[in-house]
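178 is the number of the first residue of the sequence shown in the working numbering; add one for each residue after it.
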Amino acid sequence: MIDSKGKSLVVAGRRMPKEVHALVYTINEHLENIGRSVRYVERKDTEISSVGSLKDLTYNMKSGSVSTLLMLNTNPIYNAPADFKFNSALKKVENSIHVGLYNDETAKVCSWHIPTTHYLENWSDARSVDGTASVVQPLIAPLFDGKSAVEFLSLAATGEYKDGHNIVRETWGKLLSGSFESSWRKVLHDGLLKGSASKVVGIAGRKIPAELLNLRNNNGIEFVFVPSPSTFDGRFANNGWLQELPGAVTRIAWDNVAQVSKKTADSLGLKSEDLINITIDGREIQMPLWVVPGTANDTVILELGYGRKGIGRIADKAGFDVYPIRTSEAMSYAFGVTIVGTGRTFELANVQDHWSMEDRPIVREATKEDYKYNPEFAKEAVEHPPLESMWDEFKYDKGNQWGMAIDLTTCTGCSACTIACQSENNIPVIGKQEVRNGREMHWIRIDRYFSGDVENSASVEMVHQPVACQHCEMAPCEQVCPVAATVHSDDGLNTMVYNRCIGTRYCANNCPYKVRRFNFFNFTKETPEIVKMAMNPDVTVRSRGVMEKCTYCIQRISKARIEAKKEDRLIVDGDVVVACQQACPANAIAFGDILDKTSN
């Protein structure tokens with residue numbers, strides 16, 4: 178990093194204390210990154226929240242000085258610090274009103290619950306991380322008779338109901354200069370107000386805080402509370418796509434776990450799937466243990482956002498509630514923890530049992546210098562015997578020949594591609610037990626591998642490898658299907674003919690990449706009507722007994738072909754953007770015509 182001054186970056190997470198952020202600033206300053214790879218902006222007062230203010234509110238509620246309490250899009254009964262005892266305090270409030278999307282834990286104990294519209298249904302405004310002002314526009318009209326947050330706040334403040342669109346227009350009428358209508362239309366078109374970002378601030382003369390020069394050495398085990406990558410703080414717990422999405426590190430779906438290193442597990446005499454008791458200051462929870470190489474020794478990572486009750490068929494009984502041991506004094510970290518095995522185990526839905534490469538060239542790595550010296554190093558890692566086939570190899574050298582490349586160096590394992598594919602291609606949610614049975618339906622999965630010494634956490638390295646159908650030119654699945662339900666198209670796609678498939682599963686057995694998915698049950702039979710509205714009408718909904726897999730979003734290819742034909746031209750690079758490629762935040766996926774030398 179010293180050799181890359183001005184081009185490097187050191188960041189600290191939100192849960193880190195201010196002293197750590199000051200240290201990170203000092204490091205970035207030393208690396209000459211300030212104003213180049215990182216800049217600091219003035220923070221708006223509206224973005225600052227405080228545990229202390231919630232503590233004061235709880236105290237006032239307990240003392241009886243709060244007669245009416247309005248809670249907007251929040252769920253303190255579930256996620257407030259355990260030492261506040263918010264539930265008992267709320268019982269002393271005469272009128273409690275909960276305004277939110279779900280009839281959740283807080284709504285159930287309030288005097289009133291007022292349903293709001295979904296964020297895709299309402300008008301509002303917002304500020305981005307850098308302070309840029311933006312208008313939030315609805316994608317669809319409200320499906321039910323709910324009111325948006327801005328509509329409810331306007332009604333509560335003025336006593337008069339106004340439409341959300343008019344409220345936002347009135348607010349922006351005070352911000353925009355010149356002709357309002359033209360300025361308003363431009364903001365709607367651009368999605369933001371140019372020049373509204375917060376000003377960049379300088380922080381001169383910072384020194385390393387004394388607190389960091391005299392760090393205390395806490396003996397024993399440290400607990401780290403982190404928001405779940407899937408459910409966050411619990412607000413997305415009723416989303417089946419996210420519940421069934423395996424963790425990027427743990428590869429576990431439908432549950433959260435106490436994540437530890439192998440050395441820590443051995444010292445406790447525990448192993449993966451052991452059910453443990455966790456006690457902090459007299460507060461106790463139970464949850465399963467899971468060993469993950471690379472986790473810091475004497476550290477236990479706990480994901481928040483699980484263990485919800487009575488809010489929906491997806492969230493109920495999924496995972497374990499960690500909030501009962503999280504206090505206001507230990508919102509991110511906790512010490513003085515006791516872990517004891519119960520002698521019982523808990524079954525987890527782990528989609529990748531084999532996590533070590535064991536010196537096999539599954540993922541092939543080299544330095545930049547080695548790659549320059551030998552660009553073919555990856556192909557030399559395994560033997561490629563001469564092709565022996567019953568058929569002559571077809572030459573795919575005409576028209577469009579579709580192909581995909583994934584940059585493993587860039588891939589972060591975030592799984593956005595998996596969710597995008599699930600949404601685009603109407604892939605069903607099947608539930609924890611079927612995932613445990615190895616019947617997950619994701620068309621693109623992200624395998625995770627470790628290398629290094631598992632006994633030494635500091636030496637462990639992790640790599641993510643997205644795997645989808647490779648659309649093999651001499652596809653082994655095509656050769657064994659007795660009814661030609663999987664065939665090759667002239668443009669290089671391994672396609673599925675669903676109405677031919679009789680479910681022999683020979684193709685899945687013969688696939689070396691194990692990317693074919695079989696509908697053992699009619700998983701979409703009990704799908705609620707409102708969920709069906711989110712399905713893609715361009716993609717067939719598969720029934721029981723049918724095999725399915727990645728199609729390279731053939732519906733998007735067909736659409737691009739039709740548009741090109743209407744305009745009397747050829748398909749050009751960029752006309753076809755597949756769902757996984759579109760969603761990838763790291764730009765790790767490239768898709769296009771492999772015969773087009775100008776293709777990305």
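Note that the Cβ used here is the ideal one computed from N, Cα and C, for glycine as well.
Considering only DSSP beta bridges, list what residue i is partnered with.
i: Thr663; result: Met673
i: Gly769; result: Gly580
i: Met724; result: Phe695
i: His290; result: His275
i: Gln642; result: Asp624
i: Gln463; result: Asn454
i: Val302; result: In the sequence under discussion, the amino acid at residue 302 is Asp, which differs from the Val named in the question. Val312, per the DSSP bridge assignment.
i: Phe409; result: Ser405
i: Ala430; result: Ala526
i: Val327; result: Note: Val327 sits in no beta bridge, so no partner.
i: Thr245; result: Asn272
i: Thr515; result: Thr456
Locate the beta strand (DSSP E) running through residue i, then write down its first and last residues.
i: Phe402; result: Glu399 to Pro404
i: Gly580; result: Trp579 to Ile583
i: Leu365; result: From DSSP, Leu365 is part of no beta strand (DSSP E) but of the alpha helix (DSSP H) over Phe357 to Asp367.
i: Glu480; result: Thr476 to Leu481
Compare the Cα-Cα distances from residue i to each of the options and report the closest residue.
i: Cys654; options: Asp668, Ala763 and Cys688; result: Cys688
i: Ser230; options: Arg677, Ile291 and Pro258; result: Pro258
i: Asn433; options: Glu450, Gly446, Leu445 and Asp443; result: Glu450
i: Ile679; options: Lys736, Tyr690, Ser407 and Val660; result: Val660
i: Asn280; options: Asp443, Arg490 and Thr456; result: Arg490
i: Thr293; options: Gly308, Ile583, Val312 and Val327; result: Val327
i: Trp568; options: Val218, Ala652, Arg682 and Ser735; result: Ala652
i: Pro205; options: Asp340, Ile380, Ala492 and Leu330; result: Looking at the sequence provided, one finds Asn at residue 205 rather than Pro. Nearest of Asp340, Ile380, Ala492 and Leu330 to Asn205, Cα basis: Ile380.
i: Glu347; options: Ala442, Ile291, Val312 and Gln599; result: Val312
i: Lys556; options: Ser566, Pro563, Pro538 and Glu546; result: Pro538
i: Ala495; options: Ser405, Tyr548, Thr456 and Lys232; result: Ser405
i: Glu480; options: Trp467, Arg220, Leu278 and Gly336; result: Trp467
i: Ile163; options: Ile516, Val637 and Leu200; result: Within the shown structure, residues of the chain are numbered from 178 to 777, placing residue 163 beyond reach of any answer.
i: Gly590; options: Ile621, Thr441 and Gly355; result: Ile621
i: Val755; options: Leu234, Arg192 and Ala767; result: Ala767
i: Gly372; options: Arg362, Leu352 and Glu358; result: Leu352
i: Arg616; options: Phe697, Arg682, Pro563 and Asp574; result: Phe697
i: Ala558; options: Leu564, Ser566 and Glu542; result: Glu542
i: Thr672; options: Thr522, Ile734, Tyr548 and Asp770; result: Ile734
Within the continuous alpha helix (DSSP H) that includes residue i, where are the two ends?
i: Asp624; result: Taken as a continuous stretch (DSSP letters only), Asp624 belongs to no alpha helix (DSSP H), being part of the beta strand (DSSP E) at Arg622 to Ser628.
i: Arg613; result: Lys609 to Arg613
i: Thr203; result: Lys195 to His207
i: Ile344; result: Gly341 to Gly350
i: Gln436; result: Careful: Gln436 lies outside any alpha helix (DSSP H), inside the beta strand (DSSP E) at Ala435 to Val437.
i: Ala259; result: From DSSP, Ala259 is part of no alpha helix (DSSP H); its letter is neither H nor E.
i: Gly802; result: With the chain covering only 178 through 777, there is no way to say anything about residue 802.
i: Cys684; result: Tyr683 to Asn687
i: Glu560; result: Premise fails: Glu560 is in no alpha helix (DSSP H) and is neither H nor E.
i: Cys678; result: Neither: Cys678 is in no alpha helix (DSSP H) and is coded neither H nor E.
i: Thr595; result: Ala593 to Glu601
i: Ile707; result: Glu706 to Lys709
i: Ser354; result: No alpha helix (DSSP H) contains Ser354, which DSSP labels as neither H nor E.
Between residue i and residue j, is the Cβ-Cβ spacing less than 7 Å?
i: Cys730; j: Cys594; result: no
i: Cys588; j: Ala374; result: no
i: Phe554; j: Gly482; result: no
i: Val270; j: Val243; result: yes
i: Val286; j: Phe400; result: no
i: Asn527; j: Glu601; result: no
i: Ala737; j: Asp752; result: yes
i: Lys743; j: Val692; result: no
i: Pro423; j: Ala430; result: yes
i: Ile453; j: Gly520; result: no
i: Ser325; j: Ser634; result: no
i: Asp307; j: Val218; result: yes
i: Leu316; j: Leu297; result: yes
i: Tyr500; j: Asn256; result: yes
i: Asn686; j: Arg721; result: no
i: Lys239; j: Ala266; result: yes
i: Val718; j: Tyr675; result: no
i: Thr780; j: His295; result: Residue 780 lies beyond the range of the chain shown here (178 to 777); nothing can be said about it.
i: Gln656; j: Trp418; result: no
Are the C-beta atoms of residue i and some chain C residue less than 7 Å apart?
i: Phe321; result: The displayed structure is made up of one protein chain only, and chain C is not part of it.
Query raised in the report: Hey, is the stretch 577-592 in contact with the stretch 637-651, meaning 3+ C-beta pairs nearer than 8 Å?
Result: Yes: at least three Cβ pairs fall under 8 Å.
Query raised in the report: Counting pairs of beta carbons, one from the stretch 182-196 and one from the stretch 209-221, are three or more of them closer than 8 Å?
Result: Yes, they touch.
Query - Sufficient close CB pairs (3 or more, under 8 Å) joining the stretch 469-481 to the stretch 666-676 - result: No, they do not touch.
Query raised in the report: Between the stretch 634-643 and the stretch 543-553, do at least 3 Cβ pairs fall closer than 8 Å?
Result: Between the stretch 634-643 and the stretch 543-553, the count of Cβ pairs shorter than 8 Å is below three; the stretches do not touch.
Query raised in the report: Quick check: the stretch 604-614 against the stretch 695-709, are there 3 or more CB pairs under 8 Å?
Result: These segments touch.
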